[in-house]
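In the numbering used here, the protein residues as written are 53 to 411.
Right, here's the structure in full:
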């Protein structure tokens, strides 16, 4: 086997009945020079024999095994054995579109210092329909999309360059990746970005078509088990959140000082207004004082100005415009619980004060 250009790490746990589609999709890739590191994480089913059968028939599949230690520890074993110049991840019950690797590598070649990513979907019909559509790539400075947590909370829909991973010995935190303690992907992405672009200045390139199918029907998946979480287990309040958020907003607001993509601007405004409401809610729950001059802070005033100038609606516009701190925190709690009171104020504020704004 020649040295692979791309190493794809797939943790396997009791995946004999699931991983076949994942591995078959790799074999169907239009780009052939890859290796798949199948890491058997202490399975109790027929996963060993199942994975070894792929390795025997196709030498691009590499079989590894370890005692059960979770998805992060399994990925770390894969990292220690990966030989490729580039790195990708896939979960055992998911799969890539046939052109995914070829398109991603071409985009990376055209944008050598960028992070290349692509969307994923949970609907199989939509995924199949997207396979016939050409991939197009859009790019932004990282500062314009840094707040998009939904673009940085997964590792399996992007291409990593192996050099900074090796040089900085980047690994997943084995304490993360469990049903009661998630965040392993977010943490790895952050460490990777800090290692490769220490100044935080780089280009983020994202495809318009989904090339990763996230299988939604595995009852044992971590994500599906999250649906059992009680609404009383919502995000806990965080000490000093408002002050940290204002500092973050000062760094990101310059990205929208000129003409900006409207969809990106809308998401930015809605996201940060809700985050600020969470900060007020946190202070209330923890008995903390809000930062002095919070409602007159330049970053928050700029957010409200952008919303008004671009006629973009958020339920938090009126409370923050009128400095209704206590009400903002209460409204956030109703938002989290999705009570009828949240939706009543959402509609009342819109109809009385923001009719014609984009919801």
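Backbone N, C-alpha and C fix where the C-beta goes; we use that ideal spot for every residue, glycine too.
Computed from a predicted structure; not experimentally measured.
Residue i - containing alpha helix (DSSP H), residue span
i: residue 128; result: 123-133
i: residue 304; result: 293-304
Start-to-end residues for the beta strand (DSSP E) that takes in residue i
i: residue 168; result: 166-169
i: residue 207; result: It is not in any beta strand (DSSP E) - residue 207 carries neither H nor E in the DSSP assignment.
Contacting residues, own chain, Cβ-Cβ under 6 angstroms from residue i (five flanking each side not counted)
i: residue 379; result: 371
i: residue 393; result: 386
i: residue 106; result: 75, 113
i: residue 332; result: 377, 380, 381
i: residue 102; result: 68
i: residue 191; result: 255, 257
i: residue 129; result: 91, 116, 118
Beta bridge counterpart(s) of residue i as assigned by DSSP
i: residue 139; result: 59, 212
i: residue 148; result: 264
i: residue 259; result: 189
i: residue 173; result: 265
i: residue 410; result: 364
Other residues of its chain near residue i: CB distance less than 8 angstroms, five sequence neighbours each side excluded
i: residue 157; result: 57, 58, 83, 138, 211
i: residue 110; result: 79
As assigned by DSSP and simplified to three states, the class of residue i
i: residue 265; result: strand
i: residue 405; result: helix
i: residue 373; result: helix
i: residue 188; result: coil
i: residue 199; result: coil
i: residue 155; result: helix
i: residue 390; result: coil
i: residue 183; result: helix
i: residue 246; result: helix
i: residue 287; result: coil
i: residue 163; result: coil
i: residue 331; result: helix
i: residue 220; result: coil
The ligand SAM heavy atom lying under 7 angstroms from the CB of residue i
i: residue 215; result: Inclusion of the ligand SAM in the displayed structure is not the case, the ligand content being empty and no account of it being possible.
Cutoff 8 angstroms: residue i Cβ touching any chain C Cβ
i: residue 302; result: Reference to chain C is not applicable here, since this structure consists of a single protein chain.
Same chain only: Cβ atoms within 7 angstroms of residue i, ignoring 5 sequence neighbours per side
i: residue 453; result: Because the chain in this structure spans residues 53 to 411, residue 453 falls outside the shown range and cannot be described.
i: residue 104; result: 115
Next item on the list: Give, in chain order, every unbroken run of the beta strand (DSSP E) that is at least 3 residues long and sits entirely within the region 54-119.
Entry: 58-64, 86-93, 113-118
Notebook entry, point to check: Going along the chain, which unbroken runs of the beta strand (DSSP E) with 3 or more residues stay wholly within the region 333-385?
Noted result: none
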